[in-house]
Amino acid sequence: MKRYNDFFGSFGGRYVAEMLRAPLDDLQEAFLQAAADPAFTRELEETLRDFAGRPTPLLKAENATRELGGASIYIKLEGLANTGAHKINNAVGQAMLARRMGKTRIIAETGAGQHGVATAAVCARLGIPCRVYMGEVDMRRQRPNVFWMERYGAEVVSVTTGSATLKDAVNEALRDWAASFPTTHYLLGSALGPSPYPDMVREFQSVIGRELALQLREKGVDCAALVACVGGGSNAIGFFSAFLESDSPVLIGVEAGGRGSGPGQHAARMNGRGRAGIVQGYKSLFLADSDGQLLSTHSISAGLDYPGIGPQLAHLGEEGRIKFTTASDSEALDAVQFFARTEGLVFALESAHAAAEVMRIARDYPREKSLVVNMSGRGDKDLFILARALDPDRWTAFLREEAAR
Ligand SMILES: Cc1ncc(COP(=O)(O)O)c(C=O)c1O
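Heads up: the sequence shown begins at 73 in this note's numbering, then just goes up one per residue.
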């Protein structure tokens, strides 16, 4: 465990109602004790290996490298972990912590549904009842994940307030927790929220970066840059974690460029777009108007469609250690198709934003240099969105036939 942080520069903190201070103190204490307990870390490692399927492979993408013509492309296949994304790393860690704290119920929020699915799966395994809050809009666009959460035995609660997306699901989960914390753990899914969540989630996700550092050494890869998509920031900070204290490789976070740069058209908070503010218990950069009211956001990927960014990433962005860029909806769709065709891998729409950046910059580097992209999830969950975008006529006909049966 690295040093525990409440703040990252001026970002982070614990801006919550008085009643949530004690449960957050308890959580911080339990987390620090667990992290220092070899029995906990051993069981965590075993569970990540046997249940989550770690380590995830680092694949050399030979065909993509050849077609793009430039740097060698490597892909860290988090999408091969059980439940299909990196979200399982944090869900396993926090669920084990909740059990250790004697909690008998777990709640979570979810956007794309990957965090909800991961949490529901871990709860099924540990025998802990689970409720997942999900925006109504996200339930519609990520229906397969709703189906799987329910199969794992979770209750999925549709959130209809606000924009009915991830930020509203977080609000509902916080509301539930304020009334239920003596028995309930709030298993937050990204590296944001009040302290200790950003630090704790990063630690549980840092397994990605530790594995990657080892795999790069074993394969003798000369890595020029790491590229990850950024919603709240958990896959990116976990992926980058082992490299934050050195000057190289270049670290690139890719936000959702959506369908344009106007308000409500994207979810890109860095590079001067976000304003400093305090929302949902933490200080960071948020897409907000001059009165501090959150703006609506848009992304084709539900998991990147959130107005705030994790405080450590905001800080590292301002310090210049992480560079931020955006990929648009259509660039993400192109990247999904490119890697499916060249490598037989379907990126989740979230991760495809990172893949799109790799496609853009590959030619800036010679072949001896490598770019590593984090495939934070696989795109099975996106079937309905992808099919409607890429094969609309046959897909609609198929759905009509199914509905008529
Ligand atoms: C596959 C995948 N990647 C990335 C994200 C974005 O979250 P984060 O920025 O916390 O990694 C999500 C969120 O649901 C996701 O499902």
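Every residue, glycine too, gets a C-beta built ideally from N, C-alpha and C. Source: prediction; values computed, not measured.
{"query": "Between the C-alpha atoms of Asn162 and Arg138, what's the straight-line distance to the nearest angstrom?", "result": "35 Å"}
{"query": "Any heavy atom of ligand 1 closer than 8 Å to the Cβ of Gln186?", "result": "yes"}
{"query": "Take the Cβ of Arg93 as the centre, count every other Cβ of all protein chains shown within 10 Å, and call the residue buried at 16 or more, exposed below.", "result": "exposed"}
{"query": "Please report how far the alpha carbon of Met168 lies from the alpha carbon of Leu116, in whole angstroms.", "result": "8 Å"}
{"query": "Taking Lys175 and Thr255 to be in contact with their CB atoms under 8 Å, please state how far apart those CB atoms are, rounded to whole angstroms.", "result": "6 Å"}
{"query": "Please state whether DSSP places Met221 in a helix, a strand or coil.", "result": "helix"}
{"query": "Taking its Cβ as the centre, do 16 or more other Cβ atoms sit within 10 Å of Asn343, making it buried, or is it exposed?", "result": "exposed"}
{"query": "At what residues does the alpha helix (DSSP H) containing Gly389 begin and finish?", "result": "383–391"}
{"query": "What residue from His387, Arg439, Ala427 has the CA that sits closest to Gly81's CA?", "result": "His387"}
{"query": "Can you grab the Cα-Cα spacing for the pair Tyr378 / Ala133, in whole Å?", "result": "30 Å"}
{"query": "According to DSSP, simplified to helix, strand and coil, what is Thr155?", "result": "helix"}
{"query": "State whether the stretch 266–283 contacts the stretch 318–334, with contact taken as three or more CB pairs (one from each stretch) at a distance under 8 Å.", "result": "no"}
{"query": "Could you give the distance in angstroms between the alpha-carbon of Arg393 and the alpha-carbon of Pro383?", "result": "14 Å"}
{"query": "Quick check on the burial criterion: 16 or more other C-beta atoms within 10 angstroms. Buried or exposed for Lys148?", "result": "buried"}
{"query": "Going by DSSP, what residue range makes up the alpha helix (DSSP H) through Phe311?", "result": "306–312"}
{"query": "Can you say whether Lys291 is buried or exposed, counting buried as having 16 or more other CB atoms within 10 angstroms of its CB?", "result": "exposed"}
{"query": "Would you say the beta carbon of Ala308 comes nearer than 8 Å to a heavy atom of ligand 1?", "result": "yes"}
{"query": "Please determine, among Val293, Phe312, Arg289, the residue with the shortest C-alpha to C-alpha distance to Val299.", "result": "Phe312"}
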